[in-house]
Amino acid sequence: MQLTIFNGSPRGTGSNSDLLIQWLVEGVRQNSNFRIDMLYLNKNRNHDSYIDKFKTSDIVLVVFPLYTDCMPGITMSFMEKLQPLRRSLTGLKLGFVVHSGFPEAIQSRQVEKYLEWLTEELGTDYLGTVVMGGSEGISKRNQVLIRKKRMLFNELGRRLSQADKFDAELVKKIAGIEKLGKFSVCLLQIIIKTGLLNIIMNRRFKEKNAYRERFARPYAE
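In the working numbering, the protein residues as written are 728 to 948.
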């Protein structure tokens, strides 16, 4: 059984998408019948060869971060190159993992609808879309703090290798909060005023010597 996983993050190696893929693969590898290939869509020059890999696989997973309610340009570019394969991939199973820094799963539901439509256009069997919020900086976090998520993805991969489909209950658990309640929104507004949510971005600004320009609006001047 050939499983091919495409990493749709512009960062490629070392990205948050890369970490989620590693967790999935840990579970899948409990089934020795699977051959696994992991390919990076930020290597644009390889897209043509990737298409050949796509259509000869038994199961394909595409993992990417949410970009402006959709997907990164490199991921969309690859998807568009699949157009000649329209309605020709009967029997291939296709699934997706979409993650974002937003705590709410609802932020990724629009792109989920597109992905479901895409599988219909390609003629593949739709495994479903795993949505995960709160992924910002997950690859930098303490392993103890993300242990639960890792275990969920491990189990998702293990069950995928057994049943050739995403487990609905695990997909629901990984999604977590669909939409923040009023209390959570009020609490978040208070936290925002403290500046705690800006710590990571401010650190990055300082690393790039751009901290003083963090409120710059060059296109508005």
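Even glycine gets a Cβ: it sits at the ideal position worked out from N, Cα and C.
The beta carbon of Pro830 lies closer than 7 Å to those of Gly860, Gly861, Ile904, Leu907 in the same chain, with the five residues before and after it left out.
A residue is called buried when at least 16 other Cβ atoms come within 10 angstroms of its Cβ; Pro945 does not meet this threshold and is exposed.
In the pairwise beta carbon analysis, the stretch 780 to 799 is classified as touching the stretch 834 to 851: at least three pairs are separated by under 8 Å. In the three-state DSSP reduction, Arg814 falls in the coil class, being neither helix nor strand. According to DSSP, Ile919 shares a beta bridge with no other residue. Closest by C-alpha distance to Leu816, out of Thr783, Glu807, Phe823, Gly822, is Thr783. If you draw a straight line from the Cα of Leu747 to the Cα of Asn773, it comes to about 22 Å. A buried status is given to Gly735, since no fewer than 16 other beta-carbon atoms sit within 10 Å of its beta-carbon.
Between the alpha carbons of Gly884 and Ser742 lies a gap of roughly 19 Å. Of the residues Arg941, Glu863, Lys875, Thr921, the one whose Cα lies closest to the Cα of Asp745 is Glu863.
Looking at Gln889, Lys808, Gln729, Ile927, the one whose alpha-carbon comes closest to that of Asp775 is Lys808.
Note on the stretch 748 to 799: whole beta strand (DSSP E) runs with a minimum of 3 residues are 762 to 767, 786 to 792, in chain order. Between Asp852 and Leu887, the beta carbon gap of about 13 Å keeps them out of contact (Cβ cut-off 8 Å). The beta carbon of Gln837 lies closer than 6 Å to those of Asp796 in the same chain, with the five residues before and after it left out. Counting every other CB atom within 10 Å of its CB across the protein chains shown gives Asn929 a total below 16, marking it as exposed. Assignment of Asn743 by DSSP, reduced to helix, strand and coil, places it in the helix class.
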